[in-house]
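Colleague: Following this message is one structure expressed as structure tokens.
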Amino acid sequence: MAENALITDPAKLAALAPVASAPIRHHVFVCTGKSCAAVDSADVKLAFEHELLVRGILFGKEKKGKNPRGTVIVTECASVGFCAIGPAVMVYPDGIWYAQVGKEDVPEIVEEHLLNGRVVERLALLKVPSEGKGAPLDESQRWEA
Ligand code: FES
500 MAENALITDP AKLAALAPVA SAPIRHHVFV CTGKSCAAVD SADVKLAFEH ELLVRGILFG
560 KEKKGKNPRG TVIVTECASV GFCAIGPAVM VYPDGIWYAQ VGKEDVPEIV EEHLLNGRVV
620 ERLALLKVPS EGKGAPLDES QRWEA
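Numbering-wise (our numbering), the sequence shown opens with residue 500 and increments by one.
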């Protein structure tokens, strides 16, 4: 079995993982777990990609119409426990977890949060790290995974 050698040459790392040298300011995770998918989280992810593409700040390959110097990266993720109140969207490094995000909410999150640093409070349910002092969960809010 071949052993993975740790790559330490910065130029080689940048070539292999261009994101490592991009000026990323925010990472947006959109949950595409089963429950969020059932309430159209794929449309929410597409809305983020569209909104960020239009503004020229979506990180990615130029040949895909994205910006290699973009400041926002969007990825999907598995369940984070907001299953009954999805779609869930997390914005890092701010640690803000949004719930019940619809595609119509995306321009506001991009404009207010990602560009102007103002959390969209009406959709924000959790800030990580949390002190865990919220109301106890009932059975319908249990973690899916
Ligand atoms: S499926 Fe999205 S939070 Fe559980």
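Using N, Cα and C, we set each Cβ at its ideal position, and we do this for glycine too.
Could you name the residues that DSSP lists as bridge partners for A587?
Modeller: As a first step, residue 587 must be located in the sequence shown, where it is residue number 88. Looking at the DSSP assignment, A587 forms no beta bridge with any residue, so it has no partner.
Colleague: Could you check whether I608 and A597 sit closer than 8 Å to each other, using their CB atoms as the reference points?
Modeller: Within the sequence shown, numbered from 1, the residue matching residue 597 stands at position 98. Within the sequence shown, numbered from 1, the residue matching residue 608 stands at position 109. Note that residue 597 corresponds to Tyr in the displayed sequence, not to Ala. Their beta carbons are under 8 Å apart, which means Y597 touches I608 by this criterion.
Colleague: What would DSSP say about I556, mapped onto helix, strand or coil?
Modeller: For this step, residue 556 is matched to residue 57 along the sequence shown. It is coil, neither helix nor strand.
Colleague: Short of 7 Å in beta carbon distance, which residues of its chain neighbour A541, apart from the five on each side in sequence? Order them along the chain.
Modeller: By 1-based counting over the sequence shown, the position of residue 541 is 42. Here the set comprises T531.
Colleague: Along the beta strand (DSSP E) that carries K626, what are the first and last residues, could you check?
Modeller: Here residue 626 corresponds to residue number 127 of the sequence shown, with the count starting at 1. It spans 623-626 - the beta strand (DSSP E) in which K626 sits, taken as one unbroken run.
Colleague: Could you work out which residue in T507, S520, K511, R524 is closest to G616 when comparing CA atoms only?
Modeller: Translated into positions along the sequence shown, residue 616 becomes position 117. Here the closest residue by C-alpha is R524.
Colleague: What distance in whole Å lies between the Cβ atoms of F547 and V579, which are believed to be in contact at a cut-off of 8 Å?
Modeller: Against the sequence shown, residue 579 aligns to sequence position 80. Against the sequence shown, residue 547 aligns to sequence position 48. Wrong, their Cβ atoms sit about 16 Å apart, outside the cutoff.
Colleague: Going by C-alpha to C-alpha distance, which of L505, V538, A623, L515 sits closest to K602?
Modeller: For the purposes of this step, residue 602 is identified with residue 103 of the sequence shown, where counting begins at 1. Considering only alpha carbons, the answer is V538.
Colleague: Can you tell me whether L512 is buried or exposed, with buried defined as 16 or more other CB within 10 angstroms of its CB?
Modeller: The sequence position of residue 512 within the sequence shown is 13, counting from 1. Exposed: under 16 other Cβ atoms inside 10 Å.
Colleague: Across which residues does DSSP place V579 in a beta bridge pair?
Modeller: Start at 1 with the first residue of the sequence shown, and residue 579 comes out as number 80. DSSP output for V579 lists no bridge partner at all.
Colleague: Measuring only the C-alpha atoms, how far is V600 from A583?
Modeller: Translated into the one-based positions of the sequence shown, residue 600 becomes position 101. Translated into the one-based positions of the sequence shown, residue 583 becomes position 84. Roughly 12 Å between the two C-alpha positions.
Colleague: Compute every distance between the C-beta of K562 and the non-hydrogen atoms of the ligand FES, then say whether any falls below 7 Å.
Modeller: Position 63 of the sequence shown, counted from the first residue, corresponds to residue 562. No, the beta carbon of K562 sits no closer than 7 Å to any heavy atom of the ligand FES.
Colleague: Which residues in the same chain have their Cβ closer than 7 Å to the Cβ of A504, if we skip the five residues on either side of it in sequence?
Modeller: Here residue 504 is taken as the residue at index 5 of the sequence shown, counted from 1. Closer than 7 Å at Cβ, skipping near neighbours: no residue.
Colleague: Would you call the CB atoms of R457 and A521 closer than 8 Å?
Modeller: Given that the chain is displayed from residue 500 to residue 644, the structure contains no residue 457 and the question cannot be resolved.
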